[in-house]
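*Asks:*
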Amino acid sequence: MAIGKNKRLTKSKKGGRKKALDPFLKKEWYSLIAPSMFGVKECGKTLITKTQGTKIASEGLKGRVFEVSLADLNKNEALSYRKIKLCIEDVQGYNCLLNFHGMDMTRDKLCSLIRKKQSIIEGSVDCKTTDGYIVRMFCIAFTRPQDNQIKNTCYAKSAQSRAIRAKMTARMTEVGTKGDLRSLVKELITAPIGEQIAREASGIYPVKDCYIRKVKVLKKPKFDVTALMEWHNADDAPADVGKAVEPKGDTLAGSGGRL
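The letter at position 123 of the sequence shown is residue 122 when you use numbering that gives the first Met the number 0, and the numbering goes up by one with no holes.
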């Protein structure tokens, strides 16, 4: 090796090591505001890097999806097997307004229902709500032994399964298409749709543990702030109808104010 080459190897690097900064100093917290149909309004917090140049924080938040237990949203432990997906649609100040994005069941609940010597019947349907959302709904049900049955198994025949599946899809289509997404979500949370399907299908084959297993929002209409604010305005808040106007003292006698 020639003398005088690779001089830079012996020299120390210019400047030295950069001081390590805490990355959380560049972040800020935003509150998650759930729709008014749920008992708890502020359901969590989310983190994002502060606005820097052309990278706006609120734009980075839009479209984020959160999975929250319905037990936490409605303060009811009996509904802990339900998971609700909520999506950020708009950001107002440090509040992120959420909208319904989907629904699911926990794996442990689903596994507790599956047993031997019974049939699983599943059905799915795509339906369009009156406000333009396309929703895919999945239903699951299990056969049960008939009253006073001696036989050990309770398997449904393929024709019976088809007939029960037709009842499922008909009921889900009816629920999905009769109103907007807001009324559908309310019905999914409160109304026992599974029990209604089980009652209708009992004439074909006895059915138990019927649930709307999953709901997916496939397509959304164009974003509208007023439609989103309807989700967040309290249902029980009385509308402002103004004050009643008192009639003046001088009134004319007779019908319609004529003499």
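Using N, Cα and C, we set each Cβ at its ideal position, and we do this for glycine too.
#1: Given a cut-off of 7 angstroms, decide if Lys84 and Val64 are closer than it, judged by their beta-carbon atoms.
#2: The beta strand (DSSP E) spanning Glu41 covers which residue range?
#3: Determine the direct distance from the alpha carbon of Met171 to that of Met102, and round the result to whole angstroms.
#4: Can you tell me whether Val39 is buried or exposed, with buried defined as 16 or more other CB within 10 angstroms of its CB?
#5: So which of Tyr210, Phe137, Asp89 has the shortest CA-CA distance to Asp223?
#6: Curious, which full-length beta strand (DSSP E) runs of at least 3 residues does the segment 111-175 contain?
#7: What are the boundary residues of the beta strand (DSSP E) that includes Gln91?
#8: Go ahead and pull the three-state DSSP assignment for Asn73.
#9: What residues in its chain sit with their C-beta under 6 angstroms from that of Ser123, if we drop five residues either side in the sequence?
#10: Output the distance between the C-alpha atoms of Pro237 and Val184, rounded to the nearest integer angstrom.
#11: How about Lys26 and Thr48: are their beta carbons less than 7 angstroms apart?
#12: Would you report the Cα separation of Tyr132 and Glu58, rounded to the nearest angstrom?
#13: Would you mind stating whether Gly175 and Val134 have Cβ atoms separated by less than 7 angstroms?
#14: Whose CA, out of Cys126, Leu227, Ile87, lies closest to the CA of Lys218?
#15: Using a Cβ-Cβ cut-off of 6 angstroms (strictly less than) and excluding sequence neighbours within five positions of Phe99, which residues of its own chain qualify?
#16: Can you give me the Cβ contacts of Thr50 inside the same chain, cut-off strictly under 6 angstroms, excluding the 5 residues immediately before and after it?
#17: Considering Cα atoms alone, identify which of Gln159, Glu199, Glu229, Pro34 is closest to Ile119.
#18: Hey, Tyr204 and Thr142 are a contact pair by Cβ (cut 8 angstroms); roughly how many whole angstroms apart?
*Replies:* This is what the structure gives:
#1: As a first step, residue 64 must be located in the sequence shown, where it is residue number 65. As a first step, residue 84 must be located in the sequence shown, where it is residue number 85. Result yes, Cβ atoms of Val64 and Lys84 sit closer than 7 angstroms.
#2: Position 42 of the sequence shown, counted from the start, is the residue given in the question as residue 41. Taken as a continuous stretch (DSSP letters only), the beta strand (DSSP E) holding Glu41 covers 41-48.
#3: Along the sequence shown, one-based indexing puts residue 102 at 103. Along the sequence shown, one-based indexing puts residue 171 at 172. Approximately 15 angstroms between the Cα atoms of the pair.
#4: Here the question's residue 39 lines up with position 40 in the sequence shown. Exposed, because fewer than 16 other Cβ atoms sit within 10 Å of the Cβ of Val39.
#5: The residue given as residue 223 occupies position 224 in the sequence shown. Ranking Tyr210, Phe137, Asp89 by Cα distance to Asp223 puts Asp89 first.
#6: 119-127, 133-142
#7: Within the sequence shown, residue 91 is the residue found at index 92, counting from 1. It spans 81-91 - the beta strand (DSSP E) in which Gln91 sits, taken as one unbroken run.
#8: Working through the sequence shown from its first residue, we reach residue 73 at position 74. Reduced to three states, the DSSP call for Asn73 is helix.
#9: Counting from one through the sequence shown, the residue named residue 123 turns up at place 124. If we look at Ser123 and ignore the five residues flanking it on each side, its Cβ neighbours are Phe137.
#10: Numbered from 1 along the sequence shown, position 238 holds the residue referred to as residue 237. Numbered from 1 along the sequence shown, position 185 holds the residue referred to as residue 184. Because Pro237 sits at a pLDDT of 47, beneath the cut-off of 50, its placement in the model cannot be relied upon, and the point is left open.
#11: Taking the sequence shown and counting its residues from 1, the one referred to as residue 26 is at position 27. Taking the sequence shown and counting its residues from 1, the one referred to as residue 48 is at position 49. Cβ distance < 7 angstroms, so Lys26 and Thr48 count as in contact.
#12: Working through the sequence shown from its first residue, we reach residue 132 at position 133. Working through the sequence shown from its first residue, we reach residue 58 at position 59. For Tyr132 and Glu58, the distance between alpha carbons rounds to 23 angstroms.
#13: As a working note, residue 175 is residue 176 in the sequence shown. As a working note, residue 134 is residue 135 in the sequence shown. Closer than 7 angstroms, so yes.
#14: For the purposes of this step, residue 218 is identified with residue 219 of the sequence shown, where counting begins at 1. For the residues Cys126, Leu227, Ile87, the minimum Cα distance to Lys218 belongs to Cys126.
#15: Taking the sequence shown and counting its residues from 1, the one referred to as residue 99 is at position 100. Cβ neighbours of Phe99 beyond the five flanking positions: Val184.
#16: Residue mapping note: residue 50 aligns to position 51 of the sequence shown, counting from 1. Only Ala56 meet the Cβ criterion.
#17: Start at 1 with the first residue of the sequence shown, and residue 119 comes out as number 120. Cα-wise, what sits closest to Ile119 is Gln159.
#18: Position 205 of the sequence shown, counted from the start, is the residue given in the question as residue 204. Position 143 of the sequence shown, counted from the start, is the residue given in the question as residue 142. Sure, about 6 angstroms apart at Cβ, within 8 angstroms.
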